[in-house]
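**Q**
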Amino acid sequence: MNNPAWPATAQAAEHELFGDVLTCDAVLPASYLADATARTAQAEALLQGLAQVEDLRGSEDSGEEKRGELPLLAQRLDAKLDLVLVLLGRLVRQANPPLPPTPLRWSVRGLRLQLAADAALPEPDSAGSVRLQPADWLPDDVELPVIVSAAARGPQASWVWLRFPALPPGLEEAMGRHLFRMHRRQVADARRR
Numbered sequence: 431m432n433n434p435a436w437p438a439t440a441q442a443a444e445h446e447l448f449g450d451v452l453t454c455d456a457v458l459p460a461s462y463l464a465d466a467t468a469r470t471a472q473a474e475a476l477l478q479g480l481a482q483v484e485d486l487r488g489s490e491d492s493g494e495e496k497r498g499e500l501p502l503l504a505q506r507l508d509a510k511l512d513l514v515l516v517l518l519g520r521l522v523r524q525a526n527p528p529l530p531p532t533p534l535r536w537s538v539r540g541l542r543l544q545l546a547a548d549a550a551l552p553e554p555d556s557a558g559s560v561r562l563q564p565a566d567w568l569p570d571d572v573e574l575p576v577i578v579s580a581a582a583r584g585p586q587a588s589w590v591w592l593r594f595p596a597l598p599p600g601l602e603e604a605m606g607r608h609l610f611r612m613h614r615r616q617v618a619d620a621r622r623r
């Protein structure tokens with residue numbers, strides 16, 4: 431989505447981050463942090479673990495109808511695990527301030543975050559990090575290092591374009607797999623409608 435009201439620097443950043451690459455548009459809990467400390471090793475481990483769980487769930491079921499085919503004990507364990515994740519999510523939200531739901535566009539090159547119209551915008555080329563919750567069912571977030579490519583303010587919203595610096599290969603691969611699964615789910619949801 432290229433907005434003609436964006437300045438030339440923002441349009442260039444949009445093309446740099448999202449041109450000719452798989453992108454996902456979503457509303458996820460996310461925020462930009464002006465500090466440059468990001469936990470890339472933890473982000474890589476979380477995205478890899480998320481991939482394993484989603485791959486197993488995806489191969490097991492494409493809906494609740496397949497859950498009935500599991501042995502009763504496995505169904506009980508799966509239900510208990512779901513409850514434990516919900517409780518864990520509540521504990522995490524009590525300990526940490528929740529991230530606001532944020533419209534974003536995400537690729538392996540970077541992110542565009544939509545912010546409130548009156549949000550403070552970072553300076554281009556400044557380093558920071560972005561925190562986001564990659565899955566709604568998992569109450570944990572990843573922190574990724576970013577460099578501000580551009581920022582723009584409009585009457586209804588503001589936007590910031592954040593590019594990833596050179597990331598460890600494992601993290602880049604895990605992020606690519608995660609984005610592919612997100613894109614596949616979005617396409618499947620669109621077909622169902």
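Using the working numbering, the letters of the sequence shown correspond one by one to residues 431 to 623. Ideal placement from N, C-alpha and C gives every residue a C-beta, glycine not left out. Note that the structure is predicted; figures quoted are calculated from it, not measured.
What residue range is occupied by the uninterrupted alpha helix (DSSP H) comprising L447?
**A** Unbroken alpha helix (DSSP H) run through L447: 438-448.
**Q** With distance defined between alpha-carbon atoms, name the residue in P530, L518, Q505 nearest to Q563.
**A** Checked all of P530, L518, Q505; the closest Cα to Q563 is P530.
**Q** Can you list, in chain order, the residues of its chain whose CB lies under 6 Å from that of L545, leaving out five sequence neighbours each side?
**A** Excluding positions up to five away in sequence, the list reads S588.
**Q** Using the Cβ count rule (16 or more neighbours within 10 Å means buried), how would you classify G449?
**A** The residue in question, G449, is exposed, as its Cβ has fewer than 16 Cβ neighbours within 10 Å.
**Q** Within this structure, are the beta carbons of Y462 and V572 separated by less than 7 Å?
**A** No; because the gap between Cβ atoms is not below 7 Å, this pair is not in contact.
**Q** Compute the Euclidean distance between the alpha carbons of T532 and A582, then round it to the nearest angstrom.
**A** Distance between the alpha carbons of T532 and A582: 16 Å.
**Q** Buried or exposed: which applies to S492, given that a residue is buried once 16 or more other Cβ atoms fall within 10 Å of its Cβ?
**A** Annotation note: pLDDT 49 at S492 (below 50); position unreliable, coordinate value reported separately. Under this definition S492 is an exposed residue.
**Q** With a threshold of 16 other CB atoms inside 10 Å of the CB of R497, please say whether the residue is buried or exposed.
**A** Because R497 sits at a pLDDT of 49, beneath the cut-off of 50, its placement in the model cannot be relied upon, and the point is left open.
**Q** Going by DSSP, what residue range makes up the beta strand (DSSP E) through L632?
**A** Since the first residue of the chain shown is 431 and the last is 623, residue 632 is not available in this structure.
**Q** Let me know the secondary structure DSSP gives P527 once reduced to three states.
**A** Correct three-state label for P527: coil.
**Q** If we ignore side chains and look at the alpha-carbon of each, how far apart do Q505 and L511 end up?
**A** Each residue's Cα considered, the two are about 10 Å apart.
**Q** Please return the same chain residues whose Cβ sits closer than 8 Å to the Cβ of Q586, not counting the five positions on each side in sequence.
**A** For Q586, where only same-chain residues beyond five positions count, the Cβ hits under 8 Å are A547.
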